[in-house]
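Numbering (the numbering used here), first residue to last: 45 to 230. Here is the structure we will look at, set down as structure tokens.
Rendered as structure tokens:
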């Protein structure tokens, strides 16, 4: 597994054997970043980061910074240190919903979500009411899940969904506030 493009393109990402991580495949990462386009200067949160592949790919492609959050950050820590990006990548050992609640006024342009597939429903229920709080204006949530148990966020608008084998990648954003009709009661 490697970083696909940008300043770190071609560099190896390590996924230690025996660890319970399922890194996002190169094919899926390439599709995600092709759809996103230019991410220069963006602030990124990679929740359930595992090896940190999505956050690291973001930094490689010009993101200003990435916060990598997981219950166990050791796989990501190894990659961050090996690639020399400790100044751009912050590692946080926490449950994602707990971290969001404690994030204060932090806001992110991109939030990647790639939780364990078997936990998708519970993760979505816990995160749905929290995600809007950490999104910058125009920010997006990119969720990766198994097609048999997709992550669903009723509070967010789905703007794109693609399937790659058993993997589903869904792009979400905060719903647009439509102007209130002056003839309608509030």
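Note that beta-carbon positions come from the ideal geometry of N, C-alpha and C, so glycine has one too.
Roughly how many whole angstroms lie between the Cα atoms of residue i and residue j?
{"i": "residue 77", "j": "residue 210", "result": "19 Å"}
{"i": "residue 53", "j": "residue 182", "result": "27 Å"}
{"i": "residue 56", "j": "residue 104", "result": "12 Å"}
{"i": "residue 72", "j": "residue 97", "result": "11 Å"}
{"i": "residue 119", "j": "residue 215", "result": "26 Å"}
{"i": "residue 148", "j": "residue 83", "result": "23 Å"}
{"i": "residue 167", "j": "residue 201", "result": "17 Å"}
{"i": "residue 177", "j": "residue 151", "result": "8 Å"}
{"i": "residue 125", "j": "residue 67", "result": "18 Å"}
{"i": "residue 79", "j": "residue 203", "result": "11 Å"}
{"i": "residue 113", "j": "residue 136", "result": "5 Å"}
In three-state DSSP terms, what is residue i?
{"i": "residue 230", "result": "The predicted position of residue 230 is uncertain, since its pLDDT is 47 and thus under 50; a value taken from the coordinates is nonetheless stated next. Three-state DSSP puts residue 230 in coil, outside helix and strand."}
{"i": "residue 197", "result": "coil"}
{"i": "residue 139", "result": "coil"}
{"i": "residue 116", "result": "coil"}
{"i": "residue 167", "result": "helix"}
{"i": "residue 183", "result": "strand"}
{"i": "residue 172", "result": "helix"}
{"i": "residue 217", "result": "strand"}
{"i": "residue 146", "result": "helix"}
{"i": "residue 162", "result": "helix"}
{"i": "residue 47", "result": "coil"}
Relative to the alpha-carbon of residue i, which residue among the options has its alpha-carbon at the smallest distance?
{"i": "residue 94", "options": "158, 74, 207", "result": "158"}
{"i": "residue 116", "options": "131, 140, 107, 220", "result": "140"}
{"i": "residue 193", "options": "160, 100, 180, 218", "result": "160"}
{"i": "residue 142", "options": "131, 175, 152, 123", "result": "175"}
{"i": "residue 40", "options": "99, 80, 108", "result": "No statement about residue 40 is possible, as the shown extent of the chain runs from 45 to 230 and does not include it."}
{"i": "residue 133", "options": "172, 91, 144", "result": "91"}
{"i": "residue 106", "options": "48, 220, 180", "result": "48"}
{"i": "residue 45", "options": "85, 123, 75, 111", "result": "123"}
With a threshold of 6 Å on Cβ separation, who are the neighbours of residue i within its own chain once the five nearest residues in sequence on each side are excluded?
{"i": "residue 155", "result": "89, 185"}
{"i": "residue 225", "result": "Only weak support exists for where residue 225 lies, its pLDDT of 48 falling under 50; the value from the coordinates is given anyway. Answer for residue 225: no residue qualifies."}
{"i": "residue 164", "result": "189, 193, 195"}
I'd like the list of long-range same chain contacts for residue i, defined as Cβ closer than 7 Å, with 5 residues on each side in sequence excluded.
{"i": "residue 170", "result": "141"}
{"i": "residue 101", "result": "47, 48, 73, 77"}
Quick one: what's got a C-beta closer than 8 Å to residue i's C-beta in the same chain, skipping five residues either side?
{"i": "residue 205", "result": "212, 213, 214, 215"}
* Mind listing, in chain order, the continuous beta strand (DSSP E) runs of no fewer than 3 residues lying wholly within the stretch 51-114? => Inside the stretch 51-114, DSSP marks whole beta strand (DSSP E) runs of 3 or more residues at positions 87-91, 109-114, from first to last along the chain.
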